[in-house]
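Protein chains in written order, with our numbering: chain A, 14 to 355; chain B, 14 to 355; chain C, 14 to 355; chain D, 14 to 355.
Backbone N, C-alpha and C fix where the C-beta goes; we use that ideal spot for every residue, glycine too.
Okay, structure first, notes after.
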């Protein structure tokens, strides 16, 4: 097992530390945070870990093979780059960085040094998304026509990033994992309803090269919490409702079919297929454990994880493109040319 | 009561005929349809009505004061214009016409002749929308920040119009009725998943002059039927779920508030208000009856109905702008300059 | 096709008449009702049917082979007996009669004359109950442990029967159709919350000879309408929710299993199986049409329908036993000895 | 603050220990459990507490003013009695004891010594039940007609008590807290579907002296988890759904009213009132904290808590009566005479 150091012990860091220990009780070697109070909390829970106020000391520690970064987004780049240059594998909280250029540098650095660079896109390690992935791979859904997600709730307003970088990041990572076709453009609209605050509501449309579409509805100012995604395939359709305690994924044997006949649609019969629905049994294993296991497995086997640096870069590209589109009232932004630009 | 003639006795015409008779059993004078089978059905239900195969004969009938048009969209303009020129009041199925120019001509013609021109935007005569309208007018919701609607189901694919002209027309009429601020631009994306068929899925973002936003998600190819709208106000928020058999409208005393303090958001406290929810008692009266009563009332009092020609024109403007934006991958279309253009 | 006469054209009779005509437009020969207004309504819809104010005239009509009775419960016995004695097949609204003795006489009379006697227990002709029946017959649910039904709503208070004879009659018929084991006793509690009115809330427990149990919760005074039944089997469990517009029947691959081991439960491992859920596609055909087709089929083939007289008698036995138990605060009433008593 | 000792550190004990510390970090003095492993866990979380393997030593500790008992039901009586005799206040897990006679002895002992005896009926300290209690006290519901609860799920099978003593105990405590009228009899049915195991499904009907009724449906073998209670009042009705994350309590302004008129129901008009629904804002404070605060408050003020010994005794009376009725297939058991019997 690799020796692991965690940088950042605020909101999410304690969960990562707990997960590392659950996967391997001996793996956690050090925790760094500039807050003394945070380090005290860390020490009570993990008495055998080194406690450091400067993350540079953690990176300098030769007992550390891999660094997990759970600090604010604006600091991801500096810390991750330093860790990679010190020869450490890196798992960094989402989003990987706050610009395409920075994300790109990290990917290149990890590639040059043959180190694992992984992003903490937790959703793709959940039983639900794994199950949908399997449905798609098996061909049961047919061609994917669309992915339509609603991810809204009341709060928690972020102060340093807008709702796109906070919530749409989840869906972009899921899309990158599930959909094989290539996104080519994004059009997005957004609004901020509190003065001098980042955008808190946004709608994003993603165009794929094969005609498929994705749409994301993200909002910090909705009366209720909704986490629901419709996925339309040519053979079957899925409703993924993450607020359900069971049956999170429902597969509908439903669709539309064109009958034989003339050239034009008017001359052909449209029929609606309404078959059974089923909800596959889904693993209840905590996603964070699966993710840490994947990180360790990737390190040991020098294999790319599903949420590796390339994937994290593509997510950042989409976040940046979407944000730019919102400032132009939905003007479409092409994807795939941004990487070396900004 | 005005003498009424109905043109078009296919899918929706029989409902209109029944509603007219329920409001006033003597009002229905004539029914026109080019299909002999349709006229036979009409005759069995309404034995005292004249049955005509040519709508021109109906318009020429001096016993007819008002014409209700329930024919395909592409025919609305010719029939409505002829009816207005013959001095008849007109109630026309939604959308009013298939272009802004045509809709504009109808509005001008009706205005010149001081005739009532009304569009069959049934939703704004429902108890639910009436109830939301009253909530807004009373100030209970505060400023309206957003209107976010999902209107999806499996089928019924239309062959002559796309999903925007079919389903988004409902939301545009509701928006026109509920929201007092002015829409200034629309960005929309759409896709067609059946070959040679009109777009069956679309997402539309509407920008208002005061910073409010509306978003419409319309889809003929969803596994389940959803008719749900979130309305966010500065004081309260609403969920309107038309699939519920009771409690269609829920009002949430919830919101976000900024505390006093420094200039920047970082220095001010954000607090979340989570108060009670209530579902007002809603009139169960059939919307179509209220609508026909409104039509008669407008004729008798020479007063403009809520879904009058001007409103119907604004709806068509939005439909046309949205459709154009979809062909440019979300490029925003300005509103308000289209009226004389088409 | 048999010639059919309908007696009683109040609330339910028009539906039966329409269903007869939909199954065979020529089958409906006569309609009897003592109300002239009801007969006028009947005449407008069914101009070719004889209209009679005295049901005895209908029964005397040699063109009538089968009589459908949709009159108040207290009149079922006299009319059905007269019809059977006149050699007519009979379909009677539920419940078949208001006492076990009367129901028993009807069954004997029909048997002696080899006539079809059928009860209008509509639920067992629905797609949902048919689907559950098939699941049970196929062995997919395993042994049936329990049937637990909630059938509550606000109103409609009946004035001549209590909530048991109104609502529990449905569940008893469904039980008789689905469950092969024999009910041996009933314990029931009830209350009337309006003065001088029949009981409007009741809970009924049915004991079966193999240890299975059924429970029925019926209530005219609930704030919302619920129609939900849990069915527990040794292999799978079902939730049947009749208020859903789709997925009315859900099958859960869930259960409890005892591991190998010692004699006592304490020494053996209990494990919980949580597998997939699925909702079979269900026929959307109107139950009343299937029921009328069954009636005609039974007449033509001299075969017993699923809701034949014997089944209807068993339902009445259970209704009578339950009502008696309620007057003794749940004292259990044995079943199977009542038939020749009262 | 009283010095507190906790006996039993298995499943529920750790929660009680945490709650004591959250209410007052200095209150927890000692923890007893015969399992060394359990004590080690306790020591890590509560390093300043004495750790004891014999509960008698804890009771003998003069630094302990109050004892919290979280051991198996069969041991409650011996431990609680010893604690009371040693002059300690007692908070005991539900149910208070496994027989009416034992519960009665505890109540008498506490009364003789003027000690607080309280039962851990956590539900009555939840925001939801508090809110319903206030609705009833304020008269907003009118007279309470019925309480109808469904408390079913898959597992967790208990080995030493049946489903009544496990789950119905919650509802009996809630009933004792909410309903002022006196329960006079219970009729119950039950079944065990696993061999040699306690009953895992039961239905209980409770008769009150004023005609009100309660019904409890408890089941360890249901496909889904349901925690739903309908409460019918003469003025309003409530649905309490504990599985909801928000809006757990909904109040419906609905009911049935009898018009003026003749003596008999037949001659009087029944009307249905369907008004608004509202969901009050409910405190999200953890019930266990409120409960511990209440325990401390009762000790300091020598005041009876809502879930005091008398209430706990009445719950045990109902549990015992219900279990006896199940062995006689629902034969009703009178309440109020049992206290000195068994």
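The Cβ atoms of residue 201 (chain B) and residue 188 (chain B) do not sit closer than 8 Å to each other. In this structure, DSSP gives residue 103 (chain B) an extended state, which the three-state scheme calls strand. For residue 206 (chain A), the nearest beta carbon of chain B is closer than 8 Å to its own beta carbon.
Rounded to whole angstroms, the Cβ separation of residue 45 (chain D) and residue 14 (chain D) is 20 Å, and the two are not in contact under 8 Å. Interface with chain A (8 Å Cβ-Cβ cutoff): residue 290 (chain C) is included.
Between residue 190 (chain D) and the set D:178, D:208 and D:142, the nearest pair of CA atoms involves D:142. In the three-state reduction of the DSSP assignment, residue 134 (chain D) falls in the coil class. For residue 331 (chain D), the secondary structure class from DSSP, reduced to helix, strand or coil, is helix. Rounded to whole angstroms, the separation of the alpha carbons of residue 241 (chain C) and residue 304 (chain D) is 35 Å. Annotation: the stretch 198-258 of chain C contains the following complete segments of the beta strand (DSSP E) (minimum length 3 residues), in chain order: 214-221, 226-232, 234-246 and 250-254. Counting along the chain, residue 291 (chain A) sits inside no alpha helix (DSSP H); it lies in the beta strand (DSSP E) bounded by residues 283-292. Rounded to whole angstroms, the Cβ separation of residue 134 (chain A) and residue 186 (chain A) is 4 Å, and the two are in contact under 8 Å. Per DSSP, residue 311 (chain C) is one residue of the alpha helix (DSSP H) stretching across 300-314. For residue 260 (chain B), the C-beta contacts it makes with chain D under 7 Å involve 290, in order along the chain. Under the Cβ distance rule, residue 142 (chain D) does not count among the residues neighbouring chain B, no pair being separated by less than 8 Å. Going by C-alpha positions, residue 83 (chain B) is about 59 Å away from residue 219 (chain D). Remark: C-beta atoms of residue 159 (chain A) and residue 214 (chain B) approach each other more closely than 8 Å. 293 and 294: these are the residues of the stretch 293-324 of chain B whose beta carbon lies less than 7 Å from some beta carbon of chain D, given in chain order.
With contacts defined as CB atoms closer than 8 Å, residue 181 (chain A) and residue 231 (chain A) qualify as a contacting pair.
Residue 306 (chain D) has its alpha-carbon roughly 7 Å from the corresponding atom of residue 36 (chain D). Burial state of residue 111 (chain D) is buried, judged by a 10 Å Cβ sphere holding 16 or more other Cβ atoms. Excluding five sequence positions before and after residue 319 (chain C), the CB atoms of its chain that fall closer than 7 Å to its own CB belong to 137 and 190, given in chain order. Contact between residue 176 (chain C) and residue 212 (chain C) holds: CB atoms are separated by about 6 Å, below the 8 Å threshold. Not a single C-beta of chain D is nearer than 8 Å to the C-beta of residue 244 (chain B). In terms of beta-carbon proximity, residue 256 (chain A) stays away from the interface with chain B, with every pair separated by 8 Å or more. From the beta-carbon of residue 23 (chain A), no residue of chain B is found nearer than 8 Å; the closest lies around 16 Å away. Your pair residue 223 (chain A) and residue 194 (chain A) checks out as a contact, with CB atoms roughly 4 Å apart and the cut at 8 Å. Between the stretch 119-127 of chain B and the stretch 84-95 of chain B, the count of C-beta pairs closer than 8 Å reaches three or more; the two stretches touch.
For residue 163 (chain D), the three-state secondary structure derived from DSSP is strand. The stretch 327-346 of chain A makes no contact with the stretch 19-39 of chain B: fewer than 3 CB pairs, one atom from each, lie closer than 8 Å. The C-beta of residue 239 (chain D) has 16 or more other C-beta atoms within 10 Å across all chains shown, which makes the residue buried. At least one beta carbon of chain D lies nearer than 8 Å to the beta carbon of residue 287 (chain B). Between the stretch 309-318 of chain A and the stretch 321-328 of chain C there are fewer than three inter-stretch CB-CB distances shorter than 8 Å, so the stretches are not counted as touching. Distances from the CA of residue 75 (chain B) to each of B:43, B:86 and B:104 were compared; the closest alpha carbon is that of B:43. For residue 44 (chain B), the enclosing beta strand (DSSP E) stretches over residues 41-45.
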